[in-house]
Amino acid sequence: MRACAATASASSWTRAWRWRARVIAWSSIRRSRPTTTRPRAAAATRSASCPRPSATMPPTRPTCCASTTASSAAARTWCSRSWSATSPIPACCGRWRGASSARSGPAATCWAWARCCRPGAAAGWAGACAAGLRHEGFGVKVVLAHDFIRHGGAEVVLEELHRLWPEAPVYTLLYEPHEEYKDWDIRSSWLQHWLPPSRYRWPMPIYPGMVDRIRLPADTDLLVTSSVSWMKSLAAPAGVPHLCFIHRPMMFAYDRQADFLAAYPAPMRPLLRLLAARVREWDQRTAARPTHYLANSRYTARRVKELYGREAEIVYPPVRLEAFHAAGLHTRPGAYFFTMSRLESYKRVDLIVDACTRLGVPLKVAGKGPELQRLQERAGPGVEFLGYVSDAMLPELVAGCRAFLFSAEEDFGIAPVEAAAAGRPVLAYGAGGSLETVVHGRTGLHFAAQSADSLVAAIRELERCDIRPEDCRAHARQFGVPEFRRRVLAAAERLVHAARTGSGTGAAGSDTPQ
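For the sequence shown, counting from 1, position 227 maps to 231 in my numbering; every step adds exactly one.
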């Protein structure tokens, strides 16, 4: 039995590496390989499921008829499964063979064949055109891109962008399966096969080359990226506008390099420091690719100007205020302090744990990440680690706390706004986006140094402050979802209009939210 099992295991291992070798081989010859002609059967499927545009439809090709030889060739470059040049390529929905599936279950960590044209695809396209971006009666095909999909604060922006354009494919380097994304058309890289999403930082040196090799469908009308590091450098097809919502400039390449490198094993850090200069050069060279930048705060807009020499329009990220507002109205504040964060070194949750342990006050920590074990080892008996908390449970936890603690230097930070919507004060490190999301003395307090001593002093000062829940909720209203959608759609319409009429870049004249 053991011999049979070993043989089967070796055979499985060999097959897996054969798949990967084929992907690498195709990647090296993709430019020289000729595209294949679509089979008649696939063309018949397209004509049967996708009717010709009528007077009630915009006179452009619907999404379900968007498959072209160019986009099919790009699909083969990006997918992680092997393919045959003689295999029929479905001409449906613009979805690729080899696109990764975001559904839960066994397919969540593997790559699945893309879905084919489904019933009612043409009707769905017409509805999407009616509800989504319009420009003088023409439908617009939008492509979305995001660095790594891990269901954190940056992904809230991506989720709202996807609600604006629900039929848009989403390109990413790696994604972590989640219920929110089960019906999305996610197109991840070949790393999805090789690397757990929690190790997304390890292949950092190869990401610039991977991003440069992504080829978008030729019939794309608008590229919208949500970028923390890499996807702002994604190249759109010639003549296609690129709208980039930038959360922050790349941490690794600039002044927060030490925080970034802390996640790597010590022997790797000297080599990564040498690579940082090359990455920084690539980052600045490709900063010209976006047609227009949207920055999540004034702090980020200043950084974009300093590092890239580009102006950025300020559009605050969308915060879903309703659930937190409702929870705050019917939940009495308790005695515990609360924080929620991805547990990574640069988030500095350690100083929150140290401060509350020193004072002996109860603390609840929501979130997971590589720092969990280290934080548990230094925590006192009053610190409770909740792990992953669902969106349904989170408002009640925030509304029931004495105050929300926020110790990271973030370029924006959605969590303090959610706490304000629930009417709870926020104690935040006074740097970065916290200077905009927390009003000192009115909706919370800023502590001056990123240390446990400074946070301890702020917790003690809170007892002497009179922070009213009504003031917190009033401040949070400016960060709502409707304002975000309005401003993003307005920027997208300007860019598409400028691209179609040749009237310029379509950039906004002001970088201040209205």
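Ideal placement from N, C-alpha and C gives every residue a C-beta, glycine not left out.
Between the CA atoms of Arg490 and Gly156 - distance to the nearest angstrom: Looking up residue 156 in the sequence shown gives position 152. Looking up residue 490 in the sequence shown gives position 486. So the alpha carbons of these two residues sit roughly 23 Å apart.
6 Å CB neighbourhood of Asp225 in its chain, flanking five on each side removed: Residue numbering aside, residue 225 sits at position 221 when the sequence shown is read from its first letter. Correct list, in chain order: Val144, Lys145.
With 16 other CB atoms within 10 Å as the buried threshold, where does Ile210 fall? Here residue 210 refers to the residue found at position 206 when the sequence shown is read from its first residue. The residue is exposed, with fewer than 16 neighbouring Cβ atoms inside 10 Å.
Alpha carbon to alpha carbon, what distance is there between Ala292 and Leu265? In the sequence shown, residue 265 corresponds to position 261, counting from 1. In the sequence shown, residue 292 corresponds to position 288, counting from 1. Rounded to the nearest angstrom, the two C-alpha atoms are 27 Å apart.
Pick helix, strand or coil for Gly156, following the three-state DSSP scheme. Position 152 of the sequence shown holds residue 156. Gly156: coil per DSSP, three-state reduction.
Return the chain-ordered list of same chain residues with a C-beta closer than 7 Å to the C-beta of Gly427, the five sequence neighbours on each side being excluded. Reading the sequence shown from its first residue, position 423 is the one you call residue 427. Contacts found: Gly332, Pro473, Cys476, Arg477.
So, using beta-carbon positions, are Met344 and Ala370 closer together than 7 Å? Taking the sequence shown and counting its residues from 1, one reaches residue 344 at position 340. Taking the sequence shown and counting its residues from 1, one reaches residue 370 at position 366. Yes, the pair counts as a contact, with Cβ atoms nearer than the cut-off.
Residues in its own chain within less than 6 Å of Thr49 by CB, not counting five upstream and five downstream? Within the sequence shown, residue 49 is the residue found at index 45, counting from 1. Summary for Thr49: the model assigns pLDDT 36, below 50, so the residue's position carries little reliability, and this model does not support an answer.
Checking the sheet assignment: what are the DSSP bridge partners for Glu164? Counting from 1 along the sequence shown, the entry for residue 164 is found at position 160. Beta-bridge pairing links Glu164 to no other residue.
For Arg314, which option in Thr304, Arg273, Ala407, Thr361 has the closest C-alpha, if you only look at C-alpha atoms? Stepping through the sequence shown from its first residue, residue 314 is reached at position 310. It is Thr304 whose Cα lies nearest to the Cα of Arg314.
Using 6 Å as the cut-off, classify the Cβ of Arg477 as near or not near the heavy atoms of the ligand NAP, replying yes or no. What this structure holds is no ligand at all, so the ligand NAP is not there to describe.
For Thr335, which of helix, strand or coil comes out of DSSP? The residue given as residue 335 occupies position 331 in the sequence shown. Thr335 falls in the coil class under three-state DSSP.
Can you tell me whether Arg191 is buried or exposed, with buried defined as 16 or more other CB within 10 angstroms of its CB? Translated into the one-based positions of the sequence shown, residue 191 becomes position 187. The residue in question, Arg191, is buried, as its Cβ has 16 or more Cβ neighbours within 10 Å.
Which same chain residues end up closer than 8 Å to Val283 when comparing Cβ atoms and leaving out the 5 residues on each side of it in sequence? Reading the sequence shown from its first residue, position 279 is the one you call residue 283. Closer than 8 Å at the Cβ level, and outside the excluded window around Val283, lie Met208, Pro209, Pro212, Met254, Phe256, Ala257.
Buried or exposed by the 16-neighbour rule on C-beta atoms within 10 Å, applied to Ser230: Looking up residue 230 in the sequence shown gives position 226. It counts as buried.
Simplified DSSP state of Lys368, which is helix, strand or coil: What you label residue 368 is simply residue 364 of the sequence shown in a count that begins at 1. Here Lys368 sits in strand by DSSP.
DSSP puts Met318 in a beta bridge; with which residues? Indexing the sequence shown from 1 puts residue 318 at position 314. For clarity, residue 318 is Ile in the given sequence; the question names Met instead. DSSP lists Ala299 as partners of Ile318.
Residue range of the unbroken alpha helix (DSSP H) whose run includes Gly213: Sequence index remark: in the sequence shown, residue 213 carries index 209 (1-based). Its alpha helix (DSSP H) spans residues 211-217.
For the alpha helix (DSSP H) containing Arg284, list its first residue and its last residue. For this step, residue 284 is matched to residue 280 along the sequence shown. 273-289 is the span of the alpha helix (DSSP H), which, as asked, contains Arg284.
The stretch 455-462 touching the stretch 493-502, judged by at least three CB pairs closer than 8 Å: no
Considering just the uninterrupted stretch of the alpha helix (DSSP H) at Cys476, what are its terminal residues? Indexing the sequence shown from 1 puts residue 476 at position 472. 473-480 is the extent of the alpha helix (DSSP H) around Cys476.
Cys248 - partner residues in DSSP beta bridges: Here residue 248 refers to the residue found at position 244 of the sequence shown. Thr229, Tyr297, per the DSSP bridge assignment.
Span separating the alpha-carbon of Glu381 from that of Glu317: Reading the sequence shown from its first residue, position 377 is the one you call residue 381. Reading the sequence shown from its first residue, position 313 is the one you call residue 317. Cα to Cα, Glu381 sits roughly 43 Å from Glu317.
Which stretch, first to last residue, makes up the beta strand (DSSP E) that contains His501? The residue labelled residue 501 in the question sits at position 497 within the sequence shown. Segment 485-505 is the alpha helix (DSSP H) holding His501; no beta strand (DSSP E) there.
Please state whether the Cβ-Cβ distance between Pro241 and Leu220 is less than 7 Å. Position 237 of the sequence shown, counting from 1, holds the residue named residue 241. Position 216 of the sequence shown, counting from 1, holds the residue named residue 220. Against a cut-off of 7 Å, the Cβ pair of Leu220 and Pro241 comes out as a contact.
Residues near Pro322 in its chain [Cβ-Cβ closer than 6 Å; skip 5 each side]: Here residue 322 refers to the residue found at position 318 of the sequence shown. Cβ neighbours of Pro322 beyond the five flanking positions: Glu164, Val485, Phe488.
Whole-angstrom C-beta distance between Leu355 and Leu376, which should lie under 8 Å: Residue 376 sits at position 372 when you count from the first residue of the sequence shown. Residue 355 sits at position 351 when you count from the first residue of the sequence shown. Not confirmed; about 16 Å, so no contact.
Where does Arg464 land, buried or exposed, given buried means 16+ other C-beta within 10 angstroms? Here residue 464 refers to the residue found at position 460 when the sequence shown is read from its first residue. Counting Cβ neighbours within 10 Å, Arg464 comes out exposed, since fewer than 16 surround it.
Beta-carbon contacts of His166 that lie in its chain and below 8 Å, excluding the five residues immediately before and after: Numbered from 1 along the sequence shown, position 162 holds the residue referred to as residue 166. Counting only Cβ-Cβ distances below 8 Å, and skipping sequence neighbours, we find Leu148, Ala172, Val174, Trp188.
Measure from the alpha carbon of Val308 to the alpha carbon of each residue in Leu177, His251, Gln482, then state which is nearest. For the purposes of this step, residue 308 is taken as residue 304 along the sequence shown, with counting starting at 1. Comparing Cα positions, the closest option is His251.
Report the CB separation of Met235 from His150 in whole angstroms; it is logged as a contact under 8 Å. Here residue 235 is taken as the residue at index 231 of the sequence shown, counted from 1. Here residue 150 is taken as the residue at index 146 of the sequence shown, counted from 1. With 8 Å as the limit, Met235 and His150 qualify as a contact, their Cβ atoms being about 6 Å apart.
Cys248 versus Gly437: straight-line alpha-carbon distance, rounded: Translated into the one-based positions of the sequence shown, residue 248 becomes position 244. Translated into the one-based positions of the sequence shown, residue 437 becomes position 433. Spanning the two alpha carbons is a distance of roughly 19 Å.
Using only the alpha-carbon positions, how far apart do Leu168 and Leu367 sit? Indexing the sequence shown from 1 puts residue 168 at position 164. Indexing the sequence shown from 1 puts residue 367 at position 363. Computed Cα separation, rounded: 37 Å.
Within 10 angstroms of the Cβ of Gln482, are there 16 or more other Cβ atoms? Answer buried if so, exposed if not. Counted from its first residue, the sequence shown places residue 482 at position 478. Classification of Gln482: exposed, given that the 10 Å Cβ count is below 16.
Going straight from the alpha carbon of Asp395 to that of Glu285, what length do you get? Residue 395 sits at position 391 when you count from the first residue of the sequence shown. Residue 285 sits at position 281 when you count from the first residue of the sequence shown. Rounded to the nearest angstrom, the two C-alpha atoms are 39 Å apart.
Residues near Glu422 in its chain [Cβ-Cβ closer than 7 Å; skip 5 each side]: To locate residue 422, count along the sequence shown from 1; it is residue 418. Here the set comprises Val323, Phe328, Val402.
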